[in-house]
C-alpha cells in the first residue's frame, strides 16, 4: 500500500522531496501503527477495507522520525542501519520532506479509498491532528530534548505524549472509521494510551535504553521495566475485554507490541 | 480570532513550542489569506460565520514562513523587523513549532465552529493538504532554493507553486465551505491561481525584488513586472465576472492584493 503510494507521488512530482519521502517511508519497519488501525476497525465489526486509510498513521510516524533525526534535534546519522534522511538528502530536503509527509497523511485519511463517511473521516482526522500537534507528539519531543532526569512517573508522562499519543490515535482512528459509539471509543482510547506507554518501554528494553536519560530501563532496571510494561499491557487488555472475540486481532497485536523479544 | 486561539493553546500547553507558535502567528501581517476564504464564502452566498475556519489558511502560511526562515533553508534572521522564530527560540523549537502549526491548521478547519457540514469540511481540508504538500508549497520552496536563473515562464512556475497554491486553496476553501458547485469552483480555482502569481509579483515589486534570482522584476524590470501583474489580475477578475454583485468583496480584495502600492 505504502509502496504504491511512494511510486505514485514520485511519478506525479519527480524530485528530491518525493524521493526523500519514499526513502523514509520504505525504510524497514514494523508497520505496527496501521495494523492497530485495521485491528481496531475490525474490533468494531467495521465493513470494508481500511488498509489505504491506515497508511495515514504510518506517514505521521515517519514524518516525526525524519524531523526528530535532524541535527538541531536528536542529530542521528543512521536509522536502522541506513543514513538518516538529512544525511542522504541534505537538511533542507529533510525538513521539507517531513512537512510534505505530515500534509500527505491528512490527504491519505481524507481522500483515500475505503469505508467511513465524511463525518467519520473528520473525526478520525481530528484525532490524528491532535496526536501530531503541540500537545502530543511535538510536546513529547520537546520534553524529551529537555529531559534532564526524573522519576518513573516523569518518564511515563513523556512516553505518553511522544509515543503513546500516536498509538492511541491509531486505535481511535480505526474505531472512528468503524463507527464506534462513545463508550467503546473511550475504552479503546484508554487501551491505546496504556499500550503506547508499554510499547515505548518494550522499545527501550530492546534498544538496551539504559543509557537514555528518558528511559524506564535506566530508573527501574530491565526487570522492573519489564514488569511495568506487563502491568500496562494487562490494564490495556482489561479495557477491551467486553469487545469479545472480534477484538482478538487487537489483543494479539497488543501482546506482540509489548513482548517482541519472545 | 487568531489571538484568542494563541491564548488558548498557551493555556492548554504552556511551553516553548506554543510560545513560538503564538509569536509567529501574532507577527504583524496582512492576513490576506483568511480574508480570501471569507470573501469566497460570501461570493457563494454561504450562510454563517466562516471566520474561525478561515484561520486555518493563515496557520498554514505561518508554518511555511517559520520553516522557510530556518538556517538550512533561507537562513533569515529577521522577518518584518523581528527576530525569526529560530533566532528567538532556537532551531529545534522552530522546527517543532512549524510542525505543530501545520497539524493545528487541520484541527482548526475540521474542528472549528462555523458553517460547512462534514462533507464540505473534508473537501476543504483536502485542498489545504494539497496546497501544503509536496506538489505545491513544499515543491515550490525546493524550486526556489535550487533556482539558478531562468526566464519569466520558469519564474512564474515557481510562483504558481510556492505562493499561488495557498492563495488558490484559500479561495477554494471558502468556496467549498459555501457549497460551490463544480463550475463556480473551477472558476474560483483559476481566479485564485492567477491572482496568487500576481500577488507574488506585487510582493517582489514592493520588496524591490530585483536582487532575488527568482523574481519577475529582475527579468522584466519593474514596469514589465507591473504590466504582467495587472494582466494576471484582469484574467483573474474575468474568471469571476459572472458571480455578480455578491463577489464584489472578492474583487476588492484581489485589486488590493495586487496593487498595494497605490
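Chains as they are written, first to last, in my numbering: chain U, 862 to 1123; chain P, 862 to 1123. Heads up, the beta-carbon is just placed ideally off N, CA and C, and yes, glycines get one too.
| query | result |
| --- | --- |
| Who are the near neighbours of residue 948 (chain U) in its chain, counting only those whose CB is closer than 7 Å to its CB and skipping five residues on each side? | 938 |
| Whose CA, out of U:1078, U:924, U:1052, U:980, lies closest to the CA of residue 1063 (chain U)? | U:1078 |
| Please determine, among P:875, P:865, P:917, P:994, the residue with the shortest C-alpha to C-alpha distance to residue 1000 (chain U). | P:875 |
| Flag residue 924 (chain U) as yes if its beta-carbon sits less than 9 Å from any beta-carbon of chain P, otherwise no. | yes |
| For residue 1097 (chain U), which option in U:866, U:1115, U:986 has the closest C-alpha, if you only look at C-alpha atoms? | U:1115 |
| In chain P, which residues lie less than 9 Å from residue 1028 (chain U) when you measure between Cβ atoms? | Going along chain P, no residue has its Cβ under 9 Å from residue 1028 (chain U), so there is no contact; the nearest lies around 17 Å. |
| Would you kindly work out how many angstroms separate the C-alpha atoms of residue 1120 (chain U) and residue 989 (chain U), rounded to a whole number? | 26 Å |
| Where residue 1103 (chain U) and residue 981 (chain P) are concerned, what is the direct C-alpha to C-alpha distance, given to the nearest angstrom? | 36 Å |
| If you draw a straight line from the C-alpha of residue 1014 (chain P) to the C-alpha of residue 1118 (chain P), how long is it? | 21 Å |
| Does DSSP put residue 945 (chain U) in a helix, in a strand, or in coil? | coil |
| Would residue 971 (chain U) count as contacting chain P if we go by Cβ distances under 9 Å? | yes |
| By the three-class DSSP mapping on this structure, what secondary structure does residue 940 (chain U) have? | strand |
| For residue 914 (chain P) and residue 942 (chain U), what's the separation of their Cα atoms in angstroms? | 43 Å |
| Could you check where the alpha helix (DSSP H) with residue 1104 (chain U) kicks off and where it finishes? | First-last for residue 1104 (chain U): undefined, no H or E at that position. |
| I need the boundaries of the alpha helix (DSSP H) containing residue 872 (chain U), first residue and last residue. | 863-873 |
| For residue 1132 (chain U), does the three-state DSSP call read helix, strand or coil? | With chain U covering 862 to 1123 only, the question about residue 1132 (chain U) has no answer from this structure. |
| Give a yes or no on whether 9 Å exceeds the smallest Cβ distance from residue 1052 (chain P) to chain A. | This model lacks chain A altogether; the protein chains it does include are U and P. |
| With a 10 Å radius around its C-beta and 16 neighbouring C-beta atoms as the bar for buried, classify residue 940 (chain U) as buried or exposed. | buried |
| Taking residue 1118 (chain P) as the query, report the chain U residues whose CB atoms sit under 7 Å from its CB, ordered along the chain. | Result: empty, since nearest Cβ-Cβ is about 24 Å, beyond 7 Å. |
| Taking C-beta pairs closer than 8 Å, name the residues in chain U that residue 928 (chain P) reaches, listed in chain order. | 956, 957, 960 |
| Identify whether residue 977 (chain U) lies in helix, strand or coil by the three-state DSSP scheme. | coil |
| Between residue 888 (chain U) and residue 863 (chain U), what straight-line distance do the alpha-carbon atoms span, to the nearest angstrom? | 11 Å |
| Note down the Cα distance separating residue 910 (chain P) from residue 1053 (chain P), rounded to an integer number of angstroms. | 21 Å |
| Leaving out the 5 sequence neighbours to the left and right, which residues in its chain are closer than 6 Å to residue 1070 (chain P) when beta-carbon positions are compared? | The predicted model places residue 1070 (chain P) with a pLDDT of 48, which falls under 50 and marks its position as unreliable, so this point remains unresolved. |
| Quick one: what's got a C-beta closer than 7 Å to residue 935 (chain U)'s C-beta in the same chain, skipping five residues either side? | 929 |
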